[in-house]
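Just so you know, we're using the working numbering here: the sequence shown kicks off at 1157 and counts up by one.
Quick reminder that beta carbons are idealized off the backbone N, C-alpha and C, glycines included.
Have a look at the structure below before the remarks.
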Amino acid sequence: MLPIFLMDNVSAHRSSVGVEATAQNKTAQKQTAEKQAIEDATQVLNDYAHIHQRAWETGMAAKLGFSEVQEGDRQRFEALTDLLDETRVDYTLFFRRLSSCVASDGDLSQVLDLLNAPEARSSAPLLQQLKEWIQDWQGALAERESLSSAQQRMNQSNPAIIPRNHQVQRAISAAESGDYEVFEKLLSAVTRPYEDNPEHQEFKQPPEPAEQVLRTFCGT
């Protein structure tokens, strides 16, 4: 039989080894859990990118009159957004006016006139690229869709009116002076954004350079 002091040392050593093993096991478990969490989060982020891309393509298809996304559409959509970025035309007006041009003999004048806006940037090459894109789009639309259905789909996906900052600021300024008529009229317009109401014509227009609101707040 071991002396008591040796027995105590053995017990202490065993206890120390047990504590160390438990700590190592917990560390290993934590590292495994962290690794799994990182893998799960990475998978979610990767899935989100695909989900976002599919949602964007579906939305763009509807805005351009297509009932579904087909091969080659992504390139078509991206080519258009690149052109819109380069020309700086008003997105809302562009898509809404484009709905009147689904047929190959459609009048493009209102669409192309957007290139003459103060904030737009036009050139002969850009104008030609836009015309060619529209021609290609019209051809694809004619092959794949009923043009009347395509036009209806576009009008249901592209608002005629959005709450533009300069109009919102105008309503706020009037309300601060006790005049709520401007706000009520704006509210009536934006609650029916897909209707072409002649009474709301003023709310369709983008701001003039002097009307631009360069600073706004989340509360507005």
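Bounds of any alpha helix (DSSP H) do not take in residue 1317, whose DSSP letter is neither H nor E. For residue 1283 against residue 1270, the beta-carbon gap comes to about 11 Å, at or over 8 Å, which does not count as contact. The beta carbons of residue 1216 and residue 1255 sit about 14 Å from each other, so the pair does not count as a contact at 8 Å. Assignment of residue 1215 by DSSP, reduced to helix, strand and coil, places it in the helix class. For secondary structure counted as the alpha helix (DSSP H) over 4 or more consecutive residues, the region 1236-1289 holds these complete runs in sequence order: 1247-1254 and 1265-1268. Annotation for residue 1341: the continuous alpha helix (DSSP H) segment containing it runs 1337-1346. When DSSP states are grouped into helix, strand and coil, residue 1334 belongs to the coil group. The closest CA to that of residue 1226, considering only 1287, 1198 and 1301, is found on 1301. Just so you know, the alpha carbons of residue 1322 and residue 1201 end up roughly 36 Å apart. Judged by beta-carbon spacing, residue 1288 lies beyond the 8 Å limit of residue 1244, meaning their Cβ atoms are not closer than that value.
A Cβ-Cβ contact shorter than 8 Å links residue 1349 with residue 1316.
In the three-state scheme derived from DSSP, where H, G and I count as helix and E and B as strand, residue 1303 is classed as helix. In this structure residue 1249 is in contact with residue 1362, their Cβ atoms being roughly 7 Å apart against a cut-off of 8 Å. Counting every other CB atom within 10 Å of its CB across the protein chains shown gives residue 1294 a total of 16 or more, marking it as buried. Listed in chain order, the non-local C-beta contacts of residue 1242 below 8 Å within the same chain comprise 1277 and 1282, local neighbours out to five positions each way being set aside.
Taken through DSSP and simplified to helix, strand or coil, residue 1361 comes out as coil. Exposed is the label assigned to residue 1194, since fewer than 16 other Cβ atoms lie within 10 Å of its Cβ. By the CB criterion at 8 Å, residue 1207 and residue 1257 fall outside the cutoff. Within the same chain, no Cβ atom closer than 7 Å to the Cβ of residue 1187 is found once the five residues on either side in sequence are excluded.
Nearest to residue 1209 by C-alpha distance, out of 1192, 1221 and 1233, is 1233.
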